[in-house]
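Okay, so here's the structure we're looking at.
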Amino acid sequence: MAAGAVVAVGALVGSGFVLQSAVAAQNERIAATAALSEAANLDVEQLGTHAGILEAHAVKQAEDTLAVAEDTISAAAGKADPGELAATVAALGDYKLLAPERVFELVDQTAAEQADVKAAIAAHDKAEAEKAAAAKAAAEKAAAEAAAAAAAAAEESASPSYPSGPANPTEAQATARDLMSSMYGWGDDQFGCLVDLWNRESGWNVYAQNPSGAYGIPQALPGDKMATAGADWATNAATQIKWGLGYIAGRYGNPCGAWSHSESAGWY
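All residue numbers for the sequence shown refer to my numbering, where the first residue is 2 and numbers rise by one.
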């Protein structure tokens with residue numbers, strides 16, 4: 002009986018050990034399942050947070066890109082074709098309905114197309130600036146030419162018109178041209194005035210007389226004044242011309258000055 006009791010007790014003890022082991026294993030499995038479940042829930046929360054951050058980033062980029070792109074489209078009016086950019090902007094305008102990845106793709110596409118439109122606007126502005134500069138330069142040139150023409154016309158109208166000398170002067174006139182050049186350095190521009198002046202006074206006649214007492218080619222008054230140029234003043238054309246040129250130089254400066262006075266006063 003004792004032995005049987007021992008066996009029975011041994012069996013009972015063995016069963017208790019097995020039962021205890023089974024319970025421990027079951028508890029470990031429950032703990033592991035709980036830990037796994039907790040870990041799974043944590044991943045879901047993390048994933049949710051990550052998705053929220055990504056979506057917020059997509060929204061921010063979309064709104065910033067749209068604001069700049071719309072300004073570029075407005076600036077392109079009359080300067081560049083923003084058609085492709087406008088289409089992409091329209092697609093990006095639905096960013097709230099799009100996946101973040103699609104939003105980022107449209108943002109990049111918008112940036113590239115916007116750069117092209119801005120380059121086209123800059124090229125247009127440069128061409129317009131060059132055209133304006135050319136027009137301004139042409140206008141300034143035309144104004145300068147007009148001013149120069151007006152100044153030349155004013156100068157021409159202010160300058161008196163003097164007669165030109167004859168192509169084939171008489172002997173007395175030829176003598177006068179030589180003397181005025183050698184004695185006073187006057188050129189052909191003064192010779193025409195002298196010819197017309199003494200044509201009016203005496204017709205270049207050595208013996209021309211005026212009832213007033215004026216005599217000779219230069220119509221000296223009285224005639225014997227010309228004796229200072231030579232004793233043969235009454236008959237020698239060269240003597241009369243020398244005296245007449247001296248008179249003109251002293252009183253009027255040159256033959257054209259004497260001619261201008263004769264034109265306005267009728268005498269010199």
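Virtual Cβ for every residue (Gly too), placed ideally from N, Cα, C.
Alpha carbon of residue i to alpha carbon of residue j, nearest angstrom
i: Trp268; j: Tyr216; result: 14 Å
i: Asp44; j: Glu102; result: Residue placement at Asp44 cannot be trusted, given a pLDDT of 49 that sits under 50; what the coordinates show is reported in the next sentence. In a straight line, the C-alpha of Asp44 is about 21 Å away from that of Glu102.
i: Tyr253; j: Ala259; result: 5 Å
i: Ala41; j: Ala100; result: Here Ala41 scores only 46 on pLDDT, less than 50, and its place in the model should not be relied on; the value that follows carries that caveat. If I take the Cα positions, the gap works out to 25 Å.
i: Lys61; j: Val108; result: 11 Å
i: Val207; j: Met227; result: 12 Å
i: Val166; j: Asp190; result: Just to set this straight, residue 166 is Gly in the shown sequence, not Val. Looking at the two C-alpha atoms, the distance is approximately 8 Å.
i: Asp179; j: Gly224; result: 23 Å
i: Ala112; j: Thr66; result: 8 Å
i: Ala153; j: Ala133; result: 30 Å
i: Pro83; j: Ala68; result: 15 Å
i: Tyr163; j: Glu129; result: 53 Å
i: Leu86; j: Glu71; result: 9 Å
i: Ala149; j: Ala140; result: 14 Å
i: Gln220; j: Ala151; result: 42 Å
i: Tyr248; j: Met181; result: 12 Å
i: Glu64; j: Ala88; result: 16 Å
i: Ala59; j: Ala120; result: 27 Å
i: Ala173; j: Trp205; result: 7 Å
i: Lys142; j: Asp95; result: 56 Å
Buried or exposed (CB count within 10 angstroms, at least 16 for buried), residue i
i: Leu93; result: buried
i: Lys243; result: buried
i: Asp197; result: buried
i: Leu48; result: Confidence at Leu48 is low in this model, with a pLDDT of 49, below 50, so its placement is unreliable and no value can be given for it.
i: Asn255; result: buried
i: Leu37; result: Confidence at Leu37 is low in this model, with a pLDDT of 46, below 50, so its placement is unreliable and the value that follows should be read with caution. Exposed is the call here.
i: Thr171; result: exposed
i: Thr50; result: exposed
i: Pro212; result: exposed
i: Val271; result: Outside the displayed range of the chain (2 to 269) lies residue 271, so it cannot be described from this structure.
i: Ala145; result: exposed
i: Val90; result: buried
i: Ala232; result: exposed
i: Ala77; result: buried
i: Ala123; result: exposed
i: Ala136; result: exposed
i: Val147; result: According to the sequence shown, residue 147 is Ala rather than Val. It counts as exposed.
CA nearest to the CA of residue i, picked from the options
i: Leu55; options: Lys97, Ala250, Gln110; result: Lys97
i: Thr229; options: Ala88, Thr236, Thr240, Gln220; result: Thr240
i: Asp57; options: Phe105, Val90, Glu71, Leu222; result: It should be noted that the sequence gives Ala, not Asp, for residue 57. Cα-wise, what sits closest to Ala57 is Phe105.
i: Ile218; options: Ser203, Gly53, Gly79; result: Ser203
i: Gly193; options: Ala138, Lys137, Asn169, Ala140; result: Asn169
i: Gly79; options: Pro167, Leu222, His125; result: His125
i: Thr236; options: Ile249, Ala209, Tyr248; result: Ala209
i: Gly188; options: Cys257, Ala140, Ala120, Ala153; result: Cys257
i: Ala250; options: Ala238, Lys137, Leu195, Asn200; result: Leu195
i: Lys127; options: Ala81, Ser265, Glu85; result: Ala81
i: Ser261; options: Trp199, Asp95, Trp205; result: Trp199
Per DSSP, cross-strand counterpart(s) of residue i
i: Gln210; result: Tyr216
i: Ala318; result: With the chain represented from 2 up to 269, any question about residue 318 goes unanswered, as that position is not in the structure.
Whole-number beta carbon distance between residue j and residue i, since they are thought to touch under 8 Å
i: Leu246; j: Met184; result: 6 Å
i: Thr73; j: Gln115; result: 5 Å
i: Arg201; j: Ser263; result: 7 Å
i: Thr176; j: Ala238; result: 6 Å
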